[in-house]
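Residue numbers (our numbering): 98 to 347. Below is one structure, written out as structure tokens, with a few remarks after it.
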Amino acid sequence: ETKADLNNLQTQYNCKFLQLNEILSKINQYQNKLDCFSFELNEKVKLKNQYTNELNSINQQIEQAKCDIDELTRIDSEYIDYIRMLHNDYQESKGNIRVFCRVRPPLEKESTQERATIEYPNYNSIILHGPVQKSNIGKSKDTHVIESYKFDRVFTPKETQEDIFKEISQLVQSALDGYKVCIFAYGQTGSGKTYTMEGEADTKRGLIPRSIEQIFNFKRYLENMGWVFHITVSVCEIYVDQVRDLLLQG
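Structure follows, in structure tokens:
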């Protein structure tokens, strides 16, 4: 009986020993997993610290960039003021009152016999060779009138709407700089005033639509620098010595 009890105890011991080994094996597995988790956690902490340092560095760079932008904006504003002063000094040196001459192409209905011949010696001169006039006073030869004129600028029929505006745009810029500017077309009926001022579509746009485009493009540019604009428009007509407000209601 004692031997049987001893065998039974030995069997129980062996079972407990096996269970203990299984438990130790599981403990080792859990310990290995814990070590892996600890390593991954440390790596993530290191990565977090690295990202935090990089973020702090980026924030510092952003703050420095903001300071640089403010400084550049200040310098740009001073530069614009300086350019504005030089531009308007240059415009004043060219004369506060300027007269341009634009010659339109001849119309089909205009007789070639009655048409004057026009010569352009340089950018601001024009010579008119008038048509031959029959003598009515007994002279043996017909008369031929030649007249020469000078302007601040002469535009030939070959020059486009864009060429005209390149000259006028400098005055539009002066208006944007705060100076009073007046541009008007003068000439007899059919001389091309409406075409020059209003024009047609696309590349044939006249001075008015091109000037409006320049004004609003410059407005958008300065608004990005903190400028504030208030724009008003009036449209008037001068006819038979009377000024008419074309936007007047009623």
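Every residue gets a Cβ at the ideal spot worked out from N, C-alpha and C, and that includes glycine.
Query, Result
"Length at least 3, wholly inside the region 165-214: the beta strand (DSSP E) runs in chain order", "197-199"
"Counted within 10 angstroms of its Cβ, other Cβ atoms place Thr170 as buried (16 or more) or exposed", "exposed"
"Residues sharing a beta bridge with Glu216, DSSP", "Ile224"
"Cβ pair Arg195, Asp260 closer than 7 Å", "no"
"Sequence-distant residues of the same chain with beta carbon closer than 7 Å to Glu334, five excluded per side", "Arg341, Leu343"
"Reduced DSSP secondary structure (H/G/I, E/B, other) of Val242", "coil"
"Residue environment, Gln258, which counts as buried when at least 16 other CB atoms sit within 10 Å", "buried"
"Boundaries (first-last residue) of the beta strand (DSSP E) holding Leu252", "The sequence given here places Phe at residue 252; Leu does not occur at that position. Run containing Phe252: 250-252, per the beta strand (DSSP E) assignment."
"Alpha carbon of Asn105 to alpha carbon of Leu144, nearest angstrom", "58 Å"
"C-alpha distance - Cys133 paired with Lys123, whole-angstrom precision", "15 Å"
"Nearest neighbour of Gly289, chosen from Ser222, Leu204, Lys263, Lys191 [CA to CA]", "Leu204"
"Segment contact, 8 Å Cβ cut-off, at least three pairs: the region 274-293 with the region 212-229", "no"
"Of the residues Glu264, Lys263, Phe262, Ile223, the one placed nearest Ile244, counting alpha carbons only", "Going by the sequence as given, residue 244 is Glu instead of Ile. For the residues Glu264, Lys263, Phe262, Ile223, the minimum Cα distance to Glu244 belongs to Ile223."
"With 16 other Cβ atoms within 10 Å as the buried cut-off, status of Leu269", "Note that residue 269 is Val in the sequence shown here, rather than Leu. Label assigned to Val269: buried."
"Distance CB(Ser271)-CB(Gln311) smaller than 7 Å", "no"
"Within 7 Å, strictly: CB atoms of Ile305 and Met294", "yes"
"Three-state secondary structure (DSSP) of Tyr276", "coil"
"Euclidean distance between Cα positions of Leu103 and Leu131", "41 Å"
"Beta-bridge partners of Gly296, as assigned by DSSP", "Arg302"
"Beta bridge counterpart(s) of Lys247 as assigned by DSSP", "Ser222"
"Glu334: first and last residue of the uninterrupted beta strand (DSSP E) it sits in", "333-336"
"Per DSSP, cross-strand counterpart(s) of Arg341", "Glu334"
"Secondary structure of Asn153, DSSP reduced to three states", "helix"
"Residue from Asn321, Val332, Ser135 whose Cα sits closest to the Cα of Phe281", "Val332"
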